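Asker:
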Amino acid sequence: MNSQEILDDIVAAIRPQLGKAGAVANYIPALARVNPCQFGIALRTRDGVEAWAGDAMTPFSIQSISKVFSLTMAMRLAGERLWERIGREPSGNPFNSLMQLESEQGIPRNPFINAGAIAVADCLVTCGDDPKSEMLALISSLCDEPVHIDEEVAASEAATGFRNVALANFIKSFGKLDNDVCTVLDVYFRQCAIPMNCLQLARAVNFLCRDGSHPFSGVQVISARQARRINALMLTCGTYDAAGEFAFLIGLPCKSGVGGGIVAIVPDTLSLCVWSPALDASHNSLLGQKALEMFTSRTGLSIF
Ligand code: DON
1 MNSQEILDDI VAAIRPQLGK AGAVANYIPA LARVNPCQFG IALRTRDGVE AWAGDAMTPF
61 SIQSISKVFS LTMAMRLAGE RLWERIGREP SGNPFNSLMQ LESEQGIPRN PFINAGAIAV
121 ADCLVTCGDD PKSEMLALIS SLCDEPVHID EEVAASEAAT GFRNVALANF IKSFGKLDND
181 VCTVLDVYFR QCAIPMNCLQ LARAVNFLCR DGSHPFSGVQ VISARQARRI NALMLTCGTY
241 DAAGEFAFLI GLPCKSGVGG GIVAIVPDTL SLCVWSPALD ASHNSLLGQK ALEMFTSRTG
301 LSIF
């Protein structure tokens, strides 16, 4: 497979479509300013071969892609106990929905919807020493470059995160949040506000195509079984109410964020990241999805 040629072809096919459909997330003011006419793609194989094209080196807000890293940390710290507070079923609802929490007694459907990520952040506050620094250290080590929190985005997120405040309080009302709501949300808002580029993200999720082993040191980040389980959750829940459509059209475990990034895993083979800020109605990158569909159609690399 000539990865570079494939990525260059995808960029050439996507470029004419930039700016024609979708909309940048505007409920977080700091994200509303991003130019929608950008597209980047990068991959890293299991053996460390890398390729990238388009705006692959432009940083963007990783947003919900951070839920992959927080889940990794929580699985490492809490093991099976984590699943006493969080389910593993797709929600079929938007990422920030409150509906199921009521009838399901404050147990979020899965760790990738906002309610679930807030429960994961609660676990990190309980089990970790300093979750924000530990998350930055984990991601920096995985992509072999320092990453930081964009404080302006984090503040914008906190100032407008009314639904997340509601979700956290709702979980707390069922006695299923151990820590103070503000402390937990501070972790959640800050993890969302990390800027990274496509190549950094393709590296940072590469352990998921390597049975949990670190892309540079080879040390186990999590067990092979845990890595497979994260991939299963990404396939079934990583793109919210579009998870079925993603499995149908792309056929890979994916995790999206409202910054327009999507990471995807071809188990045992490679990790990918695409980015284009304009989103569809499910809050997934419109052209990012198209690019992933082109990639799996052209290479035949899908899990099915
Ligand atoms: O909770 C929020 O609203 C954001 N910080 C993250 C949401 C997100 O990225 C959902 N993804 N598509």
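All residue numbers for the sequence shown refer to full-length UniProt numbering, where the first residue is 1 and numbers rise by one. Ideal Cβ positions, reconstructed from N, Cα and C, are used throughout, including at glycine. Treat the numbers as computed from the prediction; the structure is a model and nothing was measured.
Given that a residue counts as buried once 16 or more other Cβ atoms are within 10 Å of its Cβ, and exposed if not, what is Cys209?
Answerer: Buried.
Asker: For Thr58 and Asn197, I'd like the C-alpha separation in whole angstroms.
Answerer: Computed Cα separation, rounded: 5 Å.
Asker: Determine contact between the segment 68-81 and the segment 265-280, defined as no fewer than three beta-carbon pairs at a distance below 8 Å.
Answerer: In short, these stretches do not touch, since the Cβ pair count stays below three.
Asker: So Arg203 packs on Asp150, CB below 8 Å; how close in whole Å?
Answerer: That belief does not hold up - the Cβ atoms of Arg203 and Asp150 are roughly 19 Å apart, past 8 Å.
Asker: Where in the segment 121-209 do unbroken runs of the alpha helix (DSSP H), each at least 4 residues long, occur, reported from the N-terminal end onward?
Answerer: Runs found: 131-143, 151-160, 162-173, 181-192 and 198-204.
Asker: May I ask you to report which of helix, strand or coil DSSP gives Gln38?
Answerer: Three-state result, Gln38: coil.
Asker: Does the ligand DON have even one heavy atom less than 7 Å from the beta-carbon of Cys273?
Answerer: No.
Asker: Within a Cβ cutoff of 7 Å, which residues of the same chain sit near Ile303, ignoring the five residues on either side of it in sequence?
Answerer: Only Gly251, Leu252 and Pro267 meet the Cβ criterion.
Asker: Taking C-alpha atoms, which residue in Ser285, Gly300 and Thr299 lies nearest to Ile62?
Answerer: Ile62 has its Cα closest to that of Ser285, out of Ser285, Gly300 and Thr299.
Asker: How about Asn110 and Ser91: do their beta carbons lie closer than 8 Å?
Answerer: Against a cut-off of 8 Å, the Cβ pair of Ser91 and Asn110 comes out as a contact.
Asker: Label His283 either buried or exposed according to how many other C-beta atoms from any shown protein chain fall within 10 Å of its C-beta, with 16 as the threshold for buried.
Answerer: So His283 counts as buried.
Asker: Taking the alpha carbon of Val258 as the point to measure from, which residue in Met1, Val24 and Val11 has its own alpha carbon closest?
Answerer: Measuring from the Cα of Val258, the nearest candidate turns out to be Val24.
Asker: Beta carbon of Cys254: closer than 7 Å to some heavy atom of the ligand DON?
Answerer: For the ligand DON, not one heavy atom lies less than 7 Å from the Cβ of Cys254.
Asker: Pairs of beta-carbons, one from the segment 115-125 and one from the segment 165-179, closer than 8 Å: are there three or more?
Answerer: Short answer: they touch.
Asker: Taking contact to mean 3 or more Cβ pairs, one atom from each stretch, closer than 8 Å, check whether the segment 175-185 and the segment 27-46 are in contact.
Answerer: Touching, no, given that fewer than three Cβ pairs across the two stretches are closer than 8 Å.
Asker: Spatial neighbours of Thr236 within its chain, please: C-beta separation below 7 Å, excluding the five flanking residues on both sides.
Answerer: Cβ neighbours of Thr236 beyond the five flanking positions: Pro90 and Ala243.
Asker: Taking the alpha carbon of Gly212 as the reference point, which residue from Phe69, Pro131 and Met294 has its own alpha carbon closest?
Answerer: Taking only the C-alpha atoms, the option nearest Gly212 is Phe69.
Asker: Going by the DSSP bridge assignment, what does Gly238 pair with across the sheet?
Answerer: Bridge partners of Gly238: none, in fact.
Asker: Since Val274 is in the beta strand (DSSP E), which residue starts that stretch and which ends it?
Answerer: Leu270 to Trp275 is the span of the beta strand (DSSP E), which, as asked, contains Val274.
Asker: Can Leu199 and Leu98 be called in contact, C-beta distance under 8 Å?
Answerer: Not in contact: Leu199 and Leu98 (Cβ atoms no closer than 8 Å).
Asker: Could you say which of Pro94, Gln105 and Asn96 lies nearest to Gly87 if we only look at CA atoms?
Answerer: The candidate whose alpha carbon is nearest that of Gly87 is Gln105.
Asker: Using a threshold of 7 Å, is the CB atom of Glu157 nearer than that to any non-hydrogen atom of the ligand DON?
Answerer: Indeed, a heavy atom of the ligand DON lies less than 7 Å from the Cβ.
Asker: Let me check one thing: in DSSP terms, what residues is Ala78 bridge-paired to?
Answerer: None, per the DSSP bridge assignment.
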